[in-house]
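Enquirer: If you scroll down you'll find the structure; I have some questions about it.
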Amino acid sequence: MSITVNNLTKKFGAQRAVDNISFEVETGEILGFLGPNGAGKTTTMKIITCYMAPNDGDVKVNDLSILENQEAIKKKIGYLPENNPLYNDMPVLEYLEFVAELQNVPKEKVSNRIGEMVHVCGLNVEKHKKIGELSKGYKQRVGLAQAMIHDPEILILDEPTSGLDPNQIVEIRKLIRHLGKQKTVILSTHILPEVEATCDRILIINNGKIVADGTADMLRKRAQGQEVLRVQIGNPEARDSVITGLKNLDKVAMVDFDPESKNTFIINSRDDQSSREDIFHMCVKNNWVLTEMTPIETKLEDIFRELTTVN
Amino acid sequence: MKPIWSIAKRELKTFFDSLVAYILLVVFLGVSGFFTWLFGSDVFFVGQATLQPFFSIAYFTLFFFIPALTMRMLAEEKRSGTIELLLTKPITDWNVVLGKFLAALILICIALLLTLPYYITVWAIGPIDHGAVWCGYFGLILMSMTYIAIGLFASSITNNQIVAFLLALFIGIFFLIIFNVLSNNFTGFLGELLSYLSLSTHFDSISRGVIDSRDILYFLTITLFGLILAESSLAKRNIVE
Chain A
11 MSITVNNLTK KFGAQRAVDN ISFEVETGEI LGFLGPNGAG KTTTMKIITC
61 YMAPNDGDVK VNDLSILENQ EAIKKKIGYL PENNPLYNDM PVLEYLEFVA
111 ELQNVPKEKV SNRIGEMVHV CGLNVEKHKK IGELSKGYKQ RVGLAQAMIH
161 DPEILILDEP TSGLDPNQIV EIRKLIRHLG KQKTVILSTH ILPEVEATCD
211 RILIINNGKI VADGTADMLR KRAQGQEVLR VQIGNPEARD SVITGLKNLD
261 KVAMVDFDPE SKNTFIINSR DDQSSREDIF HMCVKNNWVL TEMTPIETKL
311 EDIFRELTTV N
Chain B
149 MKPIWSIAKR ELKTFFDSLV AYILLVVFLG VSGFFTWLFG SDVFFVGQAT
199 LQPFFSIAYF TLFFFIPALT MRMLAEEKRS GTIELLLTKP ITDWNVVLGK
249 FLAALILICI ALLLTLPYYI TVWAIGPIDH GAVWCGYFGL ILMSMTYIAI
299 GLFASSITNN QIVAFLLALF IGIFFLIIFN VLSNNFTGFL GELLSYLSLS
349 THFDSISRGV IDSRDILYFL TITLFGLILA ESSLAKRNIV E
């Protein structure tokens, strides 16, 4: 099941919550939706799940359009809305049965599916309680269970790990990774390491527009441009000659000192080139002891901040 | 049809799991029983084997009873956000509205069913006009449908239950009393129109045992109108300019 979003626009009054965005998600891909609060993530998800109609543009799920084939699309999608709304006065099992009924799960399969969801989402201990009595983490699991009860081909999860403890987060991520092998998954989150850990592709959205699209590595490279290395050499006395030597290397663009340590250098390579080998060979030739060489990666946080705080 | 039933079933379960259903049933039976048998122009005061006293008191109790049932139906779903969960399932807005309508109607029918002993008792006391009794029940059900539709509409435009309750009473009181009172003050077309809109005009004739298709049409039209308004206020989220 592939999802194609074409020139989608949604206005709330004068404000454009989603502004002419287009993207595609392939089968078996896990797409991470990133963006500051109010960027338009949730609105986009609400449109894909046929909860809201867009002002302009279209979303196609395979060949089905959200403007025409709502029922058919809704059947294929499992959706966990933001803030995970649930009927607090219903027991877990009864609720899952209700959702299964609405999703047209065949009668003979209902108890099977419920059993599986209870197992997969780790609800066994709490399954007879009322939803309102559960802790936030367990409610989140119920939310996930109801989204997956009809074994949908597409999963749309709005902040699936919010409110979970670290162990549960790891489990849910594992689960999403596992599901993502056969299904198409779109998830939104504020937690950046989470996107890196679970998603194949990242989409950063700001003020209703897509500002970045690609894998975590691609985004990093794009933001950084050149390779930055942190190099430590274990011979403080040779400091000056090290600097001259480094500066003379063809592939090195700039050499800087680390303010905290005398024999540590920050080296920028020239665009699209790597100076790692050259540095190593130079040290070997001069008999300098290379005690550290670490590529400095731009953190996803930095990319995110850079892309979403301009203007 | 199936999703409507699923929603109605869940709604009924919620009524009976919480105390709502029991409290309302007890209050309805208590109030209507008190005025039918013990107080005011009750069966013994009238001195005839008729359920007319019950129908005229049920006419008022249902007026309060039904908004209390319908007030949370859509308002609560909107407040808690579960409406989003519901409407992203493969069902339509109409399924949701009709499911809730059906649930409220079933609960009212249960309440009316529980008053059948009144009928049997009066029957045992003296010769009763069976046709008038069944017509009376039929009229109450038609009237309940009208109030449920009004209540659902009130519940669909707010996410506050109390506002929904008061609004349903406010709209209901026009049909219950105000149109009737106003119609006495106007002559000609306006007077007739107001008199036609008044619920009591139509209910009185049915509960006396006269079934006129125009009366039935009146109740069904207002019901449909209320449901259409409720559905469109749910579907409002889809409107784009």
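Chains as they are written, first to last, in the working numbering: chain A, 11 to 321; chain B, 149 to 389. The beta-carbon is built from N, C-alpha and C at its ideal position, and this holds for glycine as well.
Pairing CB atoms from the segment 212-220 of chain B with CB atoms from the segment 309-323 of chain B, are three or more of them under 8 Å?
Expert: As far as the Cβ criterion goes, the segment 212-220 of chain B touches the segment 309-323 of chain B, which means the pair count is three or higher.
Enquirer: Does A:Thr52 pass the burial test, meaning 16 or more other C-beta atoms within 10 Å, or should it be called exposed?
Expert: By the neighbour-count rule (16 or more Cβ atoms within 10 Å), A:Thr52 is buried.
Enquirer: On the DSSP letters alone, give me the boundaries of the beta strand (DSSP E) that A:Phe43 sits inside.
Expert: Its beta strand (DSSP E) spans residues Ile40 to Leu44.
Enquirer: For A:Arg123 versus A:Ile166, is the C-beta distance shorter than 8 Å?
Expert: No, they are not a contact pair.
Enquirer: Determine which residues share a DSSP beta bridge with A:Glu220 and list them.
Expert: Before going on, a small fix: residue 220 of chain A reads as Ile here, not Glu. DSSP lists A:Ile215 as partners of A:Ile220.
Enquirer: If you measure from the beta carbon of A:Cys60 to each beta carbon in chain B, is any gap under 8 Å?
Expert: Answer yes: the Cβ-Cβ gap between A:Cys60 and chain B drops below 8 Å somewhere.
Enquirer: What do you get for B:Ala302, buried or exposed, if any count of 16 or more other CB atoms within 10 angstroms of its CB means buried?
Expert: Label assigned to B:Ala302: buried.
Enquirer: CA-CA distance, A:Val130 and B:Ile325?
Expert: Rounded to whole angstroms, A:Val130 to B:Ile325 spans 58 Å at the Cα level.
Enquirer: Which chain A residues sit within Cβ distance under 8 Å of B:Asn386?
Expert: Result: Met62 and Ala63.
Enquirer: I'd like to check one pair, A:Val135 with A:Val102: are the Cβ atoms closer than 8 Å?
Expert: Their beta carbons are not under 8 Å apart, which means A:Val102 does not touch A:Val135 by this criterion.
Enquirer: Buried or exposed for A:Ile253, going by 16 or more other Cβ atoms inside 10 Å?
Expert: A:Ile253 should be labelled exposed.
Enquirer: According to the Cβ coordinates, are A:Asn258 and A:Val299 closer than 8 Å?
Expert: No.
Enquirer: Check the Cβ-Cβ distances between A:Leu96 and every residue of chain B, and say whether any is below 8 Å.
Expert: With 8 Å as the cut-off, A:Leu96 counts as an interface residue toward chain B.
Enquirer: Between which two residues does the alpha helix (DSSP H) containing A:Arg240 stretch?
Expert: Where A:Arg240 is concerned, there is no enclosing alpha helix (DSSP H), although the beta strand (DSSP E) it sits in stretches over Val238 to Ile243.
Enquirer: For a contact defined as C-beta to C-beta under 7 Å, what are the partners of A:Phe43 on chain B?
Expert: Correct list: empty, because the minimum Cβ distance to chain B is about 17 Å.
Enquirer: Just to confirm before moving on: does the CB-CB distance between B:Leu160 and B:Ile239 stay below 8 Å?
Expert: No; because the gap between Cβ atoms is not below 8 Å, this pair is not in contact.
Enquirer: Per DSSP, what are the beta-bridge partners of A:Asp168 in this structure?
Expert: Paired residues: A:Ser198.
Enquirer: Using the DSSP secondary-structure output, state which residues sit across from B:Ile364 in a beta bridge.
Expert: According to DSSP, B:Ile364 bridges with nothing at all.
Enquirer: For B:Ile239, which residues in chain A fall below 9 Å Cβ to Cβ?
Expert: In chain order: Glu81, Lys84 and Leu112.
Enquirer: DSSP has A:Phe275 in a bridge; who is on the other side?
Expert: A:Val241 and A:Phe267, per the DSSP bridge assignment.
Enquirer: For the segment 259-274 of chain B and the segment 193-212 of chain B, state whether three or more C-beta atom pairs, one from each stretch, are separated by less than 8 Å.
Expert: Contact between the segment 259-274 of chain B and the segment 193-212 of chain B is present, because at least three Cβ pairs lie under 8 Å.
Enquirer: For the putative contact between B:Asp241 and B:Leu382, defined by C-beta atoms under 8 Å, what is the C-beta separation to the nearest angstrom?
Expert: Indeed they touch by this definition, with Cβ atoms about 5 Å apart.
Enquirer: Quick check: the Cα distance between A:Phe267 and A:Ile164, rounded to an integer number of angstroms?
Expert: Cα to Cα, the separation comes out at about 51 Å.
Enquirer: Quick one: residues in its chain with C-beta nearer than 6 Å to the C-beta of A:Ile31, no 5 flanking neighbours on either side, listed in chain order?
Expert: Answer for A:Ile31: Leu18 and Ile220, listed in chain order.
Enquirer: In whole angstroms, what is the alpha-carbon distance linking A:Thr274 and A:Met303?
Expert: In a straight line, the C-alpha of A:Thr274 is about 10 Å away from that of A:Met303.
Enquirer: Alpha carbon to alpha carbon, what distance is there between B:Tyr295 and A:Leu74?
Expert: Computed Cα separation, rounded: 40 Å.
Enquirer: So with Cβ pairs under 8 Å, would you call A:Tyr89 a contact of chain B?
Expert: True, the Cβ-Cβ gap to chain B drops below 8 Å.
Enquirer: Here's a check: name, in chain order, each residue in its chain whose Cβ is nearer than 6 Å to the Cβ of A:Ser251, leaving out the five neighbours to either side.
Expert: Around A:Ser251: no qualifying Cβ.
Enquirer: Going by other Cβ atoms of all chains shown within 10 Å of its Cβ, with 16 needed for buried, is B:Met293 buried or exposed?
Expert: Under this definition B:Met293 is a buried residue.
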